[in-house]
Amino acid sequence: MVTEEPKTSPAPSAEPSEKRARTQRSGRAAAAAKLTATHIALIVLSVVFLIPFFWMLSTSFKTVKDAVADPPIWIPQIQQTVPTLASYPPLFQTTYQGRQVRGNIKSELPNGNTQVEIVQPDDLKGTVVDSPRAQLRQVAFDAPVVSGEFQHQKVTAIVLRELDDSRQQVQVIEPESLKGQQFTDLATNLKPVTHPGLQWKNYPDAFTYDSKSLGYIPFLYYFRNTIIICWLVVVGTVFSNALAAYAFARLRWRGREAFFVLTLATMMVPFPVVMVPLYGVFKALGWIGTFRPLWVPAFFGSAFNIFLLRQFFRGIPFELSEAATIDGANEWQLFWDILIPLAKPALAVVALFTFIACWTDFLGPLIYLSDQKTYTLSLGLASYQSRNGGTDWNLLMAASTIVVAPVVVLFFFTQKLFIRGIALTGLKG
Amino acid sequence: MTRQKQEARNGYIFVSPWFIGFVLFLLYPLVASLCYSFCDYSVLKTPVFTGLDNFIRLFHDDVFWTCVKNTAYFCAIFLPASLVLSLGLAMLLNTKVWGMSIYRTIFYLPSLLPLVATACVFLWVFDSKGVVNSFLQMIHIHGPDWLASTAWSKITIILLSLWGVGNTMIIYLAGLQEVPQSLYEAAEIDGAKAWAKTKSVTLPMISPVILFNLIIGIVGSIQIFTIPYVMFPQGTPANSTYFYTEYLYDNAFKFHEMGYACAMGWILFVVTLLLTLVSLKISNKHVHYGGG
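Protein chains in written order, with my numbering: chain A, 16 to 444; chain B, 801 to 1092.
Structure, rendered in structure tokens:
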């Protein structure tokens, strides 16, 4: 509470100097304590806010097994491997359709050819190809490194072969005394040897999911569609709202104030209210399934942006327009040649906020788009989640990162614009 | 033509795209929605007038009331929590500490992310093997099954919505920076401590911003859709996360009960307006306009 006391107390200069020094010292200490407390609070809250980001990124670089490991693995790990020729089945290299492929021998054909089942690269995995015997060349296999116990000693070994009874055949590489010895043990007794590392493969895997069965890369389409829609929406929004805001800010016409109030009132209408008839309108136009319901309305303005730009336009000196009118400029020239260049900062803010809103929109695309090829990123990610979620967390997190990353990058490049944008919304008014 | 008439004519020309859009994409759908709410209607057949039938059916629809309750529960907890948390963050950021722009980025960024991505990430964050329960395990607390228990599913949605308070926070921060420093100095001379300064200077000075955030918050949270739709399909578990707009959407586009959906839409509209009016009415007494 603000007390009356200071009014009646003697002026500070009348205080004994010793007491004053003490108050000052304690004041400084209090300020330092307050600053420390503020810092601690900010750091703790920051950590809480960053955890989901960390968890998303960390998981996106893990193997499926590590993603659900208990206790959790915080830093992504990759398993160490050692190249060996001793693995079974042996790995052979050959060429297929002009590409180098690796695989295991399936059978020898009577005509001297060999049937090879491809293991690498991933997109040909499982394909069986005929190869002339002469072309085959055995190559080293990257055998996973494990640690286990052999002859009562802790050993490091490489896995040569998976046996049918969930045992593994391994070959010791350390210590030196046992090197080269082979033994078998249950896979559960052999711990993988890992080191911190990122499994980048998750990103191409998530990005190209389903591309084999669909015949195209869905995420590529999602990106393309989102960019097309958002680009049109941004252009339409900036242009149409600048026009309307110009009419409200710089021109006098009958009914202007009333219509402006009406414009603001439209902000109170929740989208779900008009959702159904709007769908009917677009259906009658034959636009369902196309991008048009998503971008065409942007060319007709929206209340919030009109409000924002009107405030800015009103702040531009009217003398500029008057001078140009005397020089013979018409209204369009006043708008296009004089006002728009001066209003660039405000228009940039509108463009940025519109872009983000469009990029993140979900309900619109959900209602109007039906073919997977026309999905936006948000809709595509949701459909990916509903079909593949709950199992391959590493891939879902990689997909989420792919969708989130452009927004984060955009934010870092336009931070100043964002902050100015908030100030521009003119909350004082 | 006189200068004045010409200016008026240009005004109508410049505002005409907006006017056309207003009629086509707002006024017509709004009126049509009201009409449909008294009709049995799906896009496939012509509407048939059925009077108050839709509203009477809604009144007896258990799922409708479940959704109303869920949405009310969400708003009642999320709104105050978000207003307090975002104001707290903004006040912390307004203290000119070192690294302010870094903290600001950390708190603001989540609010910009696509909600679908946020939902996917939080499905994993709150998974029984996710990061939250792992942390709880470290301090020997057996975490609840956030996503599969009716007691916690709504709390999960509230917590992840609070992750996105950055936007509200930034608006507060802009408001806080407008408060004249001289007022704080005057309060200090009067011997005001931190809490007194907050109560007697900060809160009255930013009260218009609080009102703005409250109204934006009401309009936004009453329409919550994307997060529960992605995270909890069909309102699982046991309709505990079935929200108003989801049921409206399902009625319109899954069950093809478009008249029914429109009736729900208009109820939503009226409730939103009423809540806003009540906020404005109450705020008349407490919101301080002037200076700043």
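Glycine residues also receive a C-beta, built at the ideal position from the N, C-alpha and C atoms.
Please classify residue i: does DSSP put it in a helix, a strand, or coil?
i: B/Lys999; result: helix
i: A/Gly212; result: coil
i: A/Val17; result: Its pLDDT being 37, under 50, A/Val17 is placed unreliably by the model, and the measurement read from it follows with that caveat. The answer is coil: DSSP assigns A/Val17 none of H, G, I, E or B.
i: A/Thr96; result: strand
i: B/Lys845; result: strand
i: A/Leu193; result: helix
i: A/Gly379; result: helix
i: B/Ala1038; result: coil
i: B/Lys896; result: coil
i: B/Lys1081; result: helix
i: A/Val134; result: strand
i: B/Gln804; result: helix
i: A/Gln153; result: strand
i: A/Glu346; result: helix
i: A/Val185; result: strand
Determine the direct distance from the alpha carbon of residue j to that of residue i, and round the result to whole angstroms.
i: B/Trp1066; j: B/Leu1073; result: 10 Å
i: A/Pro105; j: A/Thr96; result: 16 Å
i: B/Pro784; j: A/Lys77; result: No answer is possible for residue 784 of chain B: it lies beyond the span of chain B, which begins at 801 and ends at 1092.
i: B/Met1031; j: B/Ser982; result: 49 Å
i: B/Tyr836; j: A/Pro292; result: 8 Å
i: A/Trp351; j: A/Asp342; result: 15 Å
i: A/Gly441; j: A/Thr369; result: Residue placement at A/Gly441 cannot be trusted, given a pLDDT of 49 that sits under 50; the coordinates are not used to answer.
i: A/Phe333; j: A/Ala273; result: 23 Å
i: A/Gln135; j: B/Phe926; result: 36 Å
i: B/Cys867; j: B/Leu1080; result: 26 Å
i: B/Phe878; j: A/Asp180; result: 54 Å
i: A/Gln184; j: A/Ala202; result: 9 Å
i: A/Thr23; j: B/Glu988; result: Summary for A/Thr23: the model assigns pLDDT 38, below 50, so the residue's position carries little reliability, and this model does not support an answer.
i: B/Asn894; j: B/Gly888; result: 10 Å
i: A/Ala358; j: A/Glu337; result: 17 Å
i: A/Asp85; j: A/Val63; result: 22 Å
i: A/Val17; j: A/Ala46; result: Bear in mind that a pLDDT of 37 at A/Val17, under 50, signals an unreliable position, so the number given afterwards is only what the model happens to contain. If I take the Cα positions, the gap works out to 20 Å.
Taking residue i as part of the alpha helix (DSSP H), name the residues at either end of that continuous run.
i: B/Tyr841; result: Where B/Tyr841 is concerned, there is no enclosing alpha helix (DSSP H), although the beta strand (DSSP E) it sits in stretches over Cys839 to Ser842.
i: B/Lys954; result: Ser953 to Leu962
i: B/Asp917; result: Just to set this straight, residue 917 of chain B is Ala in the shown sequence, not Asp. Leu915 to Val925 is the extent of the alpha helix (DSSP H) around B/Ala917.
i: A/Lys227; result: Ser226 to Leu229
Using 8 Å as the threshold, is the C-beta distance between residue i and residue j below it?
i: A/Val174; j: A/Ala158; result: yes
i: A/Ser317; j: B/Pro817; result: no
i: A/Leu362; j: A/Val253; result: yes
i: A/Ala420; j: A/Ser75; result: no
i: A/Gln92; j: A/Pro211; result: yes
i: B/Val843; j: B/Met1058; result: yes
i: B/Ala890; j: B/Leu827; result: no
i: A/Ser415; j: B/Val921; result: yes
i: B/Phe1096; j: A/Ala259; result: Residue 1096 of chain B is absent from the structure shown; chain B starts at 801 and stops at 1092.
i: B/Pro1008; j: B/Val1087; result: yes
i: A/Arg117; j: A/Val79; result: no
i: A/Glu489; j: A/Val208; result: Here chain A has residues from 16 to 444 only, and residue 489 of chain A is not among them.
i: B/Ser797; j: B/Thr1026; result: In the structure as shown, chain B starts at 801 and stops at 1092, and residue 797 of chain B therefore has no counterpart that could be examined.
i: A/Phe107; j: A/Arg152; result: yes
i: A/Leu411; j: A/Asn403; result: yes
i: A/Leu367; j: A/Phe433; result: yes
i: A/Tyr383; j: A/Pro308; result: yes
Mind listing the chain A neighbours of residue i? Cutoff is C-beta to C-beta under 7 Å, in chain order.
i: B/Asn810; result: Leu266 and Glu346
i: B/Thr895; result: Thr53
So which residues of chain B does residue i contact, with C-beta pairs closer than 7 Å?
i: A/Phe377; result: Leu915, Val916 and Thr1026
i: A/Ser415; result: Ala917, Cys920 and Val921
i: A/Gln400; result: Cys920 and Val1030
How would you list, in chain order, the residues of chain B whose beta-carbon sits under 9 Å from the beta-carbon of residue i?
i: A/Val365; result: The contacting residues do not exist; A/Val365 stays about 14 Å from chain B at best.
i: A/Ser255; result: Pro817, Trp818 and Gly821
i: A/Phe327; result: Result: empty, since nearest Cβ-Cβ is about 16 Å, beyond 9 Å.
i: A/Phe314; result: Pro817 and Gly821
Counting only Cβ pairs nearer than 8 Å, list the residues of chain A close to residue i.
i: B/Trp924; result: Trp70, Met71, Thr74, Trp408, Leu411 and Met412
The beta strand (DSSP E) spanning residue i covers which residue range?
i: A/Gln115; result: Arg114 to Glu123
i: A/Tyr446; result: A query on residue 446 of chain A cannot be resolved here, the shown segment of chain A reaching from 16 to 444 and no further.
i: B/Thr1045; result: Run containing B/Thr1045: none in the beta strand (DSSP E); it sits in the alpha helix (DSSP H), Tyr1044 to Tyr1049.
i: A/Val143; result: Val143 to Pro147
Mind pulling the chain B residues with CB within less than 8 Å of residue i?
i: A/Thr281; result: Phe822 and Leu826
i: A/Tyr261; result: Phe814
i: A/Leu50; result: Thr895 and Val897
Are any of the Cβ atoms in chain C nearer than 8 Å to that of residue i?
i: B/Val863; result: In summary, chain C is missing from the structure at hand, where the protein chains are A and B.
Name, please, each residue of chain A whose Cβ falls closer than 9 Å to the Cβ of residue i.
i: B/Lys1081; result: The premise fails here: B/Lys1081 is roughly 15 Å from chain A at the closest Cβ pair, so nothing lies under 9 Å.
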